[in-house]
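Asks:
Number of protein chains: 2
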Amino acid sequence: MIPESVKIVEVGPRDGLQNESRTLPVPERIRLVQSLAEAGLKQVEAGSFVRPDLLPQISDTSQVLSGLDMDAGVGYPVLVPNMRGLDNALSAGAREIAVFAAASETFSQKNINCSISESIQRFSEVAKTAIDQGIKVRGYISCVLGCPYTGTVSPEKVLSVARSLEDMGCYEISLGDTIGIGTPVATRVLIDTIVPHIPVERLAVHFHDTYGQALANILVALQAGISVVDSSVAGLGGCPYAHGASGNVATEDVVFMLDGMGIHHGVDLSRLIIVGRSICTLLDRPVMSRVNLARAPIDFEV
Amino acid sequence: MIPESVKIVEVGPRDGLQNESRTLPVPERIRLVQSLAEAGLKQVEAGSFVRPDLLPQISDTSQVLSGLDMDAGVGYPVLVPNMRGLDNALSAGAREIAVFAAASETFSQKNINCSISESIQRFSEVAKTAIDQGIKVRGYISCVLGCPYTGTVSPEKVLSVARSLEDMGCYEISLGDTIGIGTPVATRVLIDTIVPHIPVERLAVHFHDTYGQALANILVALQAGISVVDSSVAGLGGCPYAHGASGNVATEDVVFMLDGMGIHHGVDLSRLIIVGRSICTLLDRPVMSRVNLARAPIDFEV
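Which chain is which? The protein sequence lines are A and X, in order.
Residue numbering for the first sequence follows this note's numbering, starting at 1 and increasing by one per position.
Residue numbering for the second sequence follows this note's numbering, starting at 1 and increasing by one per position.
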């Protein structure tokens with residue numbers, strides 16, 4: 001049931017950068033997105049349209065979009081938190097947006113000051129407007145395997161949120177293990193709860209590597225037939241809930257695993273490693289990808 | 001087929017320390033081994049009896065053994081390269097030894113200056129002598145998923161070496177992915193090649209995390225019914241083939257995964273984290289365990 005090919009959604013320039021302490025100037029952000037596309041990634045998050053004071057590291061996303069070629073066969077989704085963000089995204093030429101909801105009420109309140117159902121209502125309006133204008137909408141679910149405030153999250157709650165996102169027209173739903181607490185059995189249980197109700201082709205996984213579990217969880221997802229994986233070049237984006245810990249799973253490490261398994265993904269690992277190193281140099285932060293740290297994958301067929 | 005319980009073989013004080021640049025004084029090595037046993041580990045490698053000039057970091061293993069309580073229900077295996085090493089190990093009161101062979105001829109030559117079959121002959125004598133004296137013998141196989149010099153290693157070659165180790169009386173055979181190049185499908189193919197011929201209960205896995213693949217590979221091993229996993233506290237022991245890269249998989253990360261999966265292992269993760277931090281402080285090296293870096297596992301049932 002393991003897919004023959006996997007689509008990697010590169011979240012470094014959005015989910016990565018928004019969790020970094022340094023702010024990258026717009027030209028560098030454009031260059032980062034372009035170099036990731038040049039490395040073969042087909043979906044590269046370009047930024048977010050949240051209030052600049054909240055997330056300065058990814059403000060000016062309009063300017064980033066203006067520097068990108070929207071017709072080159074690569075998607076550049078942007079995160080949109082509300083109608084104003086959508087307006088700005090549309091004015092800036094965005095072709096794809098992402099909305100999000102949490103599977104934990106407390107997390108929803110603390111993160112965006114409203115309940116899950118209020119957030120669903122808000123995003124339904126955003127999604128409908130976007131879809132009416134021919135814009136694709138991706139949905140993210142946070143805390144699918146655990147909440148930093150309340151602990152356990154039930155798979156049924158995740159399913160309920162996933163259904164809401166599907167109902168509003170999301171073409172893909174990314175299951176986010178926001179605090180990296182997931183482990184393989186829990187991951188399988190979650191996917192088994194969701195898949196009877198939502199087609200597996202619509203599902204993506206977004207694991208954090210805070211506790212080193214990401215690749216094992218991704219493997220479980222692949223074994224369950226999921227074929228879309230979110231990751232971040234060089235593991236950009238630390239974990240805001242565990243200072244100093246790693247956050248997003250590194251794209252290089254995912255690619256290495258897929259390569260070894262004979263799964264197609266379209267990414268040139270050597271080029272990606274170079275992008276990862278240069279962005280970490282620019283951000284003055286350590287590379288969080290094991291593959292990247294090992295200097296070079298050994299050049300032979302295994 | 002996933003086991004209900006797993007035995008973790010802690011290799012930090014031997015495989016870890018021998019690959020560290022600093023040499024730890026004997027009292028600290030004893031304290032390390034003791035604190036790992038106190039954290040619940042039941043098999044803790046205490047050192048090696050190779051020539052001191054070759055591996056100064058783990059010379060004086062006799063003194064380490066003399067500081068340990070051999071009757072406390074914890075095993076303290078020591079690596080033994082030859083008959084002289086065995087004599088010294090026996091004089092020092094060792095109750096269990098480990099021998100090793102490579103699945104790659106070139107690696108065997110470069111590592112211990114002899115062919116695989118010569119090494120098997122040498123170790124057969126060591127094993128026989130040890131077993132005659134009531135000493136348990138564990139066998140290690142290096143390069144089971146790839147060789148740093150020649151690349152691909154055939155599973156059939158690994159099986160052949162495993163059979164030789166079994167024939168000489170090894171009670172357990174640890175399959176070592178020496179350069180960390182293994183990925184889940186190759187791991188499964190390897191295990192599927194070996195298991196029809198060698199009982200799964202006799203097999204252990206020793207993955208390196210150089211490319212971040214260790215936990216995914218361990219998961220595959222568990223899915224195949226293997227119930228013995230080697231790991232190193234805090235991920236001690238870098239990779240000698242990729243400078244600066246990680247080496248041994250970190251025990252804390254393995255324990256976290258097993259905990260999440262509901263698999264028994266007997267290790268107290270909180271105590272282990274403390275041991276990992278203090279040994280890394282002593283060695284003045286970064287902690288290579290993601291779990292340990294995340295400060296504390298979140299204290300709730302997921």
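Yeah, the Cβ is synthetic: ideal placement off N, Cα and C, and Gly gets one too.
Give the secondary structure of alanine 101 (chain X) by DSSP, where H, G and I count as helix, E and B as strand, and everything else as coil.
Replies: If DSSP states are grouped into helix, strand and coil, alanine 101 (chain X) belongs with the strands.
Asks: Judging by CA-CA distance, which residue of A:Leu219, A:Leu86 and A:Gly237 is the nearest neighbour of valine 50 (chain A)?
Replies: Here the closest residue by C-alpha is A:Leu86.
Asks: State yes or no: is the beta carbon of methionine 261 (chain A) nearer than 8 Å to at least one beta carbon in chain X?
Replies: It does; some Cβ of chain X falls within 8 Å.
Asks: List, in chain order, every chain X residue whose beta-carbon is nearer than 8 Å to that of leucine 215 (chain A).
Replies: The contacting residues are Gly212, Gln213, Leu215 and Ala216.
Asks: What does serine 246 (chain X) reach in chain A if we use C-beta pairs closer than 9 Å?
Replies: Correct list: Arg290, Leu293 and Ala294.
Asks: Is there a C-beta anywhere in chain X that falls below 8 Å from the one on valine 185 (chain A)?
Replies: Judged by the 8 Å Cβ criterion, valine 185 (chain A) is in contact with chain X.
Asks: Can you pull the chain X residues whose beta carbon is under 7 Å from the beta carbon of leucine 219 (chain A), in chain order?
Replies: Near leucine 219 (chain A) (Cβ distances below 7 Å), the residues of chain X are Pro184, Ala216 and Leu219.
Asks: Can you give me the Cβ contacts of isoleucine 191 (chain A) inside the same chain, cut-off strictly under 6 Å, excluding the 5 residues immediately before and after it?
Replies: Ala224.
Asks: Check whether the stretch 215-235 of chain A touches the stretch 273-286 of chain A, taking contact to mean three or more Cβ pairs, one atom from each stretch, closer than 8 Å.
Replies: Segments in contact, yes.
Asks: Taking DSSP as the reference, what is the three-state secondary structure of glycine 306 (chain X)?
Replies: The structure shown does not extend to residue 306 (chain X), since chain X is modelled only from 1 through 302, so no value can be given for it.
Asks: Skipping 5 residues on each side, what residues in its chain have a beta carbon closer than 8 Å to that of aspartate 268 (chain A)?
Replies: Excluding residues within five positions, the ones whose Cβ falls inside 8 Å are Ala39 and Gly40.
Asks: Suppose the cutoff is 8 Å on Cβ atoms and the five residues either side in sequence are ignored; what does the same chain contact list for methionine 1 (chain X) look like?
Replies: Within the same chain, methionine 1 (chain X) has close Cβ partners Gln223, Ala224 and Gly225.
Asks: Taking just the CA atoms, how far does leucine 293 (chain X) sit from serine 62 (chain X)?
Replies: Their Cα atoms are separated by approximately 33 Å.
Asks: With distances taken between CB atoms, is the gap from glutamate 105 (chain A) to serine 91 (chain A) smaller than 8 Å?
Replies: No. Outside cutoff.
Asks: Using the beta-carbon count (16 or more within 10 Å), is alanine 72 (chain X) buried or exposed?
Replies: Exposed, by the Cβ-count rule.
Asks: With distances taken Cα to Cα, identify the nearest neighbour of leucine 32 (chain A) among A:Ser59, A:Gly67, A:Ile198 and A:Gln213.
Replies: Selected option, being the one with the closest Cα: A:Gly67.
Asks: So, is aspartate 53 (chain X) buried or exposed, given that buried needs 16 or more other C-beta atoms within 10 angstroms?
Replies: So aspartate 53 (chain X) ends up on the exposed side.
Asks: For the candidate residues A:Leu17, A:Ser108 and A:Gln121, whose alpha-carbon lies nearest to that of leucine 283 (chain A)?
Replies: Nearest option by C-alpha distance: A:Leu17.
Asks: Can you find the residues in the same chain that come closer than 7 Å, C-beta to C-beta, to arginine 122 (chain A), ignoring five residues on each side of it along the sequence?
Replies: Hits under 7 Å: Asn82.
Asks: How many Å lie between arginine 285 (chain A) and glutamate 28 (chain A) at the Cα?
Replies: Approximately 15 Å, taken between the alpha carbons.
Asks: Could you check which residue in A:Arg290, A:Met288, A:Asp209 and A:Val249 has the C-alpha nearest to that of phenylalanine 256 (chain X)?
Replies: Residue A:Asp209 is the option with its Cα nearest to phenylalanine 256 (chain X).
Asks: Starting from leucine 203 (chain X), trace the beta strand (DSSP E) in both directions and tell me its first and last residue.
Replies: First-last of the beta strand (DSSP E) with leucine 203 (chain X): 203-207.
Asks: Between the C-alpha atoms of arginine 202 (chain X) and phenylalanine 107 (chain A), what's the straight-line distance to the nearest angstrom?
Replies: Roughly 46 Å separates the two Cα atoms.
Asks: Starting from arginine 138 (chain A), follow its DSSP beta bridges and name the residues at the other end.
Replies: In the DSSP output, where bridge partners are listed per residue, arginine 138 (chain A) has A:Ala98 and A:Glu172.
Asks: Here's a check: name, in chain order, each residue in its chain whose Cβ is nearer than 8 Å to the Cβ of leucine 36 (chain A), leaving out the five neighbours to either side.
Replies: Correct list, in chain order: Glu10, Gly12, Pro13, Val44, Val233, Leu272 and Val275.
Asks: Would you say valine 80 (chain X) and valine 99 (chain X) are within 8 Å of each other, going by their C-beta atoms?
Replies: A contact, by the Cβ cut-off of 8 Å.
Asks: Let me know if aspartate 15 (chain A) comes out buried or exposed under the rule of 16 or more other beta-carbons within 10 Å of its beta-carbon.
Replies: When all chains shown are included, aspartate 15 (chain A) counts as buried.
Asks: Any Cβ of chain A within less than 8 Å of the Cβ of glutamate 10 (chain X)?
Replies: Not one chain A Cβ lies under 8 Å of glutamate 10 (chain X).
Asks: What residues from chain X crowd round aspartate 253 (chain A), counting only those whose CB sits closer than 9 Å?
Replies: In chain order: Tyr211, Gly212 and Gln213.
Asks: Compare the C-beta of phenylalanine 100 (chain A) against all C-beta atoms of chain X and say whether one is closer than 8 Å.
Replies: For phenylalanine 100 (chain A), the answer is no, since every Cβ of chain X falls outside 8 Å of its Cβ.
Asks: One question on the structure: do alanine 102 (chain A) and serine 59 (chain A) come within less than 8 Å of each other, judged by their Cβ atoms?
Replies: Their beta carbons are not under 8 Å apart, which means alanine 102 (chain A) does not touch serine 59 (chain A) by this criterion.
Asks: Which first and last residues belong to the alpha helix (DSSP H) in which serine 45 (chain A) is found?
Replies: Checking the sequence shown, residue 45 (chain A) turns out to be glutamate, not serine. No alpha helix (DSSP H) contains glutamate 45 (chain A), which DSSP labels as neither H nor E.
Asks: From glycine 134 (chain A) to isoleucine 279 (chain A), what distance separates their C-alpha atoms?
Replies: Glycine 134 (chain A) and isoleucine 279 (chain A): Cα-Cα distance of roughly 33 Å.
Asks: Below 8 Å on the Cβ atoms is my contact criterion, and I expect valine 144 (chain X) with leucine 175 (chain X) to pass it. Report the Cβ-Cβ distance as a whole number of Å.
Replies: Contact flag correct, Cβ pair sits at about 5 Å.
Asks: Indicate whether at least one CB of chain A lies closer than 8 Å to the CB of serine 48 (chain X).
Replies: No, serine 48 (chain X) lies away from the interface with chain A (no Cβ there is under 8 Å from its Cβ).
Asks: Looking only at its own chain, which residues have a Cβ that is under 6 Å from the Cβ of cysteine 239 (chain X), when we skip the five neighbours before and after it?
Replies: Result list for cysteine 239 (chain X): Thr210, Ala245 and Gly247, in chain order.
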